[in-house]
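Following: one structure in structure tokens, then a few remarks.
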Amino acid sequence: MTALARRLAQRDDIKLTIVSVSPSIPYTERFTHEGIDYIYVKVPVDKYDLLTGYQQRIRRVQQVLEEAAIPADVVHIHGSELQYQVMAANLSAPKLLSVQGIMSECIKVLPTWPDYRHLSWRMAEYYERQYLPKIDHFICRTHWDTAIMRRKSANAVIHQNWEMMREPFYSPVEHAEHATSLLYMGGLNTLKGIRELLMMYDQLAQEEPFLRLVVTGTGNKQGLVSLIDQLKLVNIRAEQIEHRGFLDASQLWQAYHEAMCLVHPSHVDNSPNSICEAQLAGLPVVATNVGGVSSLIEHTKTGILSPLNPTALADAVMYLFRRPEARKAIRIAARQIALKRHDPDTIVDNTCAIYSTITRGQTAPASHVFVS
Numbered sequence: 001m002t003a004l005a006r007r008l009a010q011r012d013d014i015k016l017t018i019v020s021v022s023p024s025i026p027y028t029e030r031f032t033h034e035g036i037d038y039i040y041v042k043v044p045v046d047k048y049d050l051l052t053g054y055q056q057r058i059r060r061v062q063q064v065l066e067e068a069a070i071p072a073d074v075v076h077i078h079g080s081e082l083q084y085q086v087m088a089a090n091l092s093a094p095k096l097l098s099v100q101g102i103m104s105e106c107i108k109v110l111p112t113w114p115d116y117r118h119l120s121w122r123m124a125e126y127y128e129r130q131y132l133p134k135i136d137h138f139i140c141r142t143h144w145d146t147a148i149m150r151r152k153s154a155n156a157v158i159h160q161n162w163e164m165m166r167e168p169f170y171s172p173v174e175h176a177e178h179a180t181s182l183l184y185m186g187g188l189n190t191l192k193g194i195r196e197l198l199m200m201y202d203q204l205a206q207e208e209p210f211l212r213l214v215v216t217g218t219g220n221k222q223g224l225v226s227l228i229d230q231l232k233l234v235n236i237r238a239e240q241i242e243h244r245g246f247l248d249a250s251q252l253w254q255a256y257h258e259a260m261c262l263v264h265p266s267h268v269d270n271s272p273n274s275i276c277e278a279q280l281a282g283l284p285v286v287a288t289n290v291g292g293v294s295s296l297i298e299h300t301k302t303g304i305l306s307p308l309n310p311t312a313l314a315d316a317v318m319y320l321f322r323r324p325e326a327r328k329a330i331r332i333a334a335r336q337i338a339l340k341r342h343d344p345d346t347i348v349d350n351t352c353a354i355y356s357t358i359t360r361g362q363t364a365p366a367s368h369v370f371v372s
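All letters in the sequence shown, in the order written, are residues 1 to 372 by our numbering.
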């Protein structure tokens, strides 16, 4: 959203106000930067506000929006996970929601053991169910989110538009022909498939012991080793795995250079940026065929799709590892398609055309609110 907002703000016919929430700021802030008006609303910590059904943050944002009296032509809501569609419900301008995570689908794949997310995501799903049918326009990206939004809001208009990726990934990586690292970006997140990944790698380590596993994201090496022990995986040696923590865009792009492929064994996803950015930079991807992922990957043409089980994932990785010509063809084809899919000029033009459609034929609305 940040990249899109900056590009839109460069236009003379668009004025942006971005409203967002944060529990970590000392007070609600209003400021202007690079032609964009920002309102950051101080809200309670999530786990405490959950006790109120998130009513505190909803009411605080509604109050700020009422006091600000922003003359918006379009209210563009970025995602429904944090109840922005509820906060904006009282605004009179037309509502447009860019679909991100779909909580009614995410809760289906939560682990059976109870944790905080069972309450938080269930509450988010409640607000989705109550308020998404009131949204008249959606921006979707895949076959999956399009079908779900049609079910949730039968009379809504569905617009198709992709998203911009981070700048470094538009540059191609110098692919290492003999790379032996597998890159995984989900940290120790169960829903991102860390358990299936490790069980897959345990099989690969027995067959190809020189293959390395590089993990980025949440957790650390100690937690990774503990999970390996918990899963009773006997073929993985500590020196074969690496946990690099969170990497910024430039660091991640650099990590691509030493990787044979990205492995994305997620339990649920729509159009994950991790896949899109890898394709854009020319890194082959092995991903589970869940959610909207098959809108990004044509099997064996622009990536490899796999069921969510360790043996199938191992077979998919070995398909790439043993076929360097297939790897080359996939990375070239995927990058060509991704460059078109995530072209910034096309995305900006599509966004403005959507705004124009919503405002009934104006060349472009004069003022928008981005609630995100």
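Built from N, CA and C at the ideal position, the CB exists for glycine as well.
- Note on geometry: alpha-carbon atoms of PRO44 and GLN56 lie some 7 Å from one another.
- Of the other Cβ atoms in all chains shown, fewer than 16 fall within 10 Å of the Cβ of GLN254; this residue is therefore exposed.
- In the DSSP assignment, HIS33 is bridged to ILE36.
- Residue environment analysis places GLY186 among the buried positions, since at least 16 neighbouring C-beta atoms fall within 10 angstroms of its C-beta.
- Taken atom to atom, the span from the alpha-carbon of GLU34 to that of TYR184 is near 35 Å.
- For VAL173, the closest of LYS328, ILE25 and PHE321 by C-alpha to C-alpha distance is LYS328.
- Between the region 220 to 231 and the region 150 to 159 there are fewer than three inter-stretch CB-CB distances shorter than 8 Å, so the stretches are not counted as touching.
- Under the three-state reduction of DSSP, THR28 is assigned to coil, being neither helix nor strand.
- Here ALA147 is exposed: its Cβ has fewer than 16 other Cβ atoms, across all protein chains shown, within 10 Å.
- DSSP places SER104 in the helix class (H, G or I) of the three-state scheme.
- In the three-state scheme derived from DSSP, where H, G and I count as helix and E and B as strand, MET1 is classed as coil.
- As summarised for the region 152 to 192, the continuous beta strand (DSSP E) elements at least 3 residues long and confined to that stretch are 157 to 160 and 181 to 184, given in chain order.
- Comparing alpha carbon positions, the residue from PRO307, GLN10, ASN220 and ASN270 closest to ARG141 is ASN270.
- The beta carbon of SER22 is closer than 8 Å to those of TYR40, VAL41, LYS42 and VAL43 in its chain, skipping five residues each way along the sequence.
- Distance from the CA atom of ILE330 to the CA atom of VAL99, rounded to whole angstroms, is 28 Å.
- For LYS47, the uninterrupted alpha helix (DSSP H) run begins and ends at 46 to 49, by DSSP.
- When C-alpha distances from ASP145 are compared across SER104, PHE169, LYS134 and THR346, the shortest belongs to SER104.
- For LYS221, no beta strand (DSSP E) segment is defined; the enclosing uninterrupted segment is the alpha helix (DSSP H) at 221 to 230.
- For PRO310 and LEU213, the gap between their C-alpha atoms comes out near 15 Å.
- Here LYS340 carries a helix assignment [DSSP, helix/strand/coil].
- Residue state for VAL290 is assigned as coil, using DSSP reduced to three classes.
- In the DSSP assignment, PHE246 forms no beta bridge with any residue.
- Between ALA154 and the set ALA89, MET318 and TYR131, the nearest pair of CA atoms involves TYR131.
- By the Cβ neighbour-count rule, HIS78 is buried, with 16 or more other Cβ atoms within 10 Å of its own.
- Going by beta carbons, THR180 and LEU211 fall inside the 8 Å limit.
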